[in-house]
Every structure is written in C-alpha cells, then in structure tokens.
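Read the structure below first, then the notes.
Residue numbers (this note's numbering), protein chains in the order written: chain U, 328 to 440; chain D, 35 to 147.
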C-alpha cells in the first residue's frame, strides 16, 4: 500500500517546454487534487477531480490542464512552462465523507528557467 | 465562503517551552471538519488530527493537544514541552459543504535547542 505517489520528484524545464506530472493513489479514493506550494502562500488548489472522467478548476488553474482517465491516476500538464510555475506541486486524494482524511503525495519540485 | 486564518506566520521557541498555534475559521455550514497537518523540513505533509463540528471535546495526544471552540470559531494547537523535532510548518484546514479543503497559509515553528 503505497498511498499517494508522484512522478517525478524533481524536474527542471526551460521556458516554453511542456511536461506532465503523474499522481497515483492505491486507496480507491474518489477525489483527487493538485496543489502548488510557494513560500508564504500556503497550499493553493490548482485543479481537482471528484471522480473518474471529471475535473474542476481550483483557485489557480491558469496555465495548467488535468485529466482523470482512470480512478487511481490524476495527471497535471503544463503546456508551455513559465518561470512563474516554479513551485512544489503536491497531489492529494480522499473520499467524499467529511470524516475521511486527505492524504498527500511527497511532492514534485519543479524549476522553470 | 469558507476561510481559514493562521495569523502567526512564524514562531520561535526554546526547547521545552510550550507553544500554541492559532487557527480561526469561517463557514456558514453547521456540519464541518477541521484538520491539522504538519510539514517537516523534509517536505511531506503529515496528517495530525481531524475534528468534526459536533465534537467540541479537547483532544490530547502525547505532547500535542487541540482546543476546539465553536464560540470563537477557533481550533488551536498546543505543543507542550516542545522539541527540536517539532520544527515544521503547521497547516490548519477546513472541510465543509462538500468543497475542497481550505487551508490556512501555515505557521512556521522553529524550536531552538
């Protein structure tokens, strides 16, 4: 039982390049989330999904796209990376009940030059 | 709209001192859930506790204790006899209305030996 995993752990991109971050969870959770964390800004929600095939925008969705083709995976894409997207990205998952805990992946540190 | 405020950006204490991290929340829902997460220097986000709005009992877990007061919309976290290993960023979060978790901006705690 690995919980929530993220691939890759680190990545350096040049401005304009594209990449996809992969999040996988093995807890059969319905809900999945992508956050970014920047110094002094806390955790900001980028996009989320309440089930396979569904996605929704969070607080800071611009410049990102997501897909949830399988229940256990949630992909975050950057089509044309910008230096402002340099951040640590966290994926999380949970089930819908309020009593359920939200679990986080270990994070991906992305640097855009 | 839901909101979580952690007014203390950074706190420094000397080892063995007690320290309280404040969390104030806003929601119009009568059913809601409050969480605390810890983010140590290694970067992962670790779940500490969950509380629902119908249970105002304070909770103690070892050196950690939580004081939930609906009258002041607060869910404060106290570490007794702090240790260097308690140094981390601590996040308070609110779940209500079946919307994504709302996080505070976090409080960075430094415990000095």
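We put the CB at the ideal spot given by N, CA and C, even for glycine.
Sheet register partners of residue i (DSSP bridge)
i                      : result
residue 374 of chain U : U:361, U:384
residue 421 of chain U : U:358
residue 434 of chain U : Paired residues: none, contrary to the question.
residue 404 of chain U : U:347, U:392
residue 60 of chain D  : D:37
residue 68 of chain D  : D:85, D:128
residue 429 of chain U : Per DSSP, none; premise fails for residue 429 of chain U.
residue 44 of chain D  : D:142
Residue i, buried or exposed, once every other Cβ within 10 Å from all chains shown has been counted against 16
i                      : result
residue 140 of chain D : buried
residue 127 of chain D : buried
residue 339 of chain U : exposed
residue 137 of chain D : buried
residue 411 of chain U : exposed
residue 352 of chain U : buried
residue 103 of chain D : exposed
residue 91 of chain D  : exposed
Among the options, the one whose alpha carbon lies nearest that of residue i
i                      : options                    : result
residue 399 of chain U : U:437, U:373, U:357        : U:357
residue 94 of chain D  : D:110, D:37, D:36, D:88    : D:110
residue 97 of chain D  : D:86, D:119, D:104         : D:119
residue 146 of chain D : D:128, D:137, D:116, D:79  : D:116
residue 373 of chain U : U:344, U:403, U:410, U:346 : U:403
residue 70 of chain D  : D:131, D:108, D:44         : D:108
residue 420 of chain U : U:364, U:341, U:350        : U:350
residue 396 of chain U : U:439, U:377, U:371        : U:377
residue 105 of chain D : D:46, D:53, D:60, D:41     : D:60
residue 114 of chain D : D:52, D:39, D:137          : D:52
residue 149 of chain D : D:123, D:133, D:40         : There is no way to answer for residue 149 of chain D, as the model of chain D reaches only from 35 to 147.
residue 310 of chain U : U:405, U:336, U:431, U:386 : The question about residue 310 of chain U has no answer, for chain U in this structure spans 328 to 440.
residue 144 of chain D : D:42, D:38, D:37           : D:42
residue 39 of chain D  : U:390, U:369, U:429        : U:369
residue 336 of chain U : U:360, U:434, U:439        : U:434
residue 49 of chain D  : D:142, D:121, D:84, D:125  : D:121
residue 331 of chain U : U:342, U:410, U:344, U:359 : U:359
residue 439 of chain U : U:409, U:388, U:329        : U:409
residue 130 of chain D : D:85, D:99, D:90, D:91     : D:85
residue 401 of chain U : U:341, U:387, U:379, U:436 : U:379
residue 346 of chain U : U:429, U:371, U:416        : U:416
Distance between beta carbons of residue j and residue i, contact taken as under 8 Å
i                      : j                      : result
residue 382 of chain U : residue 394 of chain U : 7 Å
residue 365 of chain U : residue 414 of chain U : 5 Å
residue 65 of chain D  : residue 87 of chain D  : 6 Å
residue 405 of chain U : residue 390 of chain U : 7 Å
Any C-beta of chain A under 8 Å from that of residue i
i                      : result
residue 433 of chain U : In summary, chain A is missing from the structure at hand, where the protein chains are U and D.
Exercise. What are the complete alpha helix (DSSP H) segments, minimum 4 residues, inside the region 77-126 of chain D?
Worked result: none
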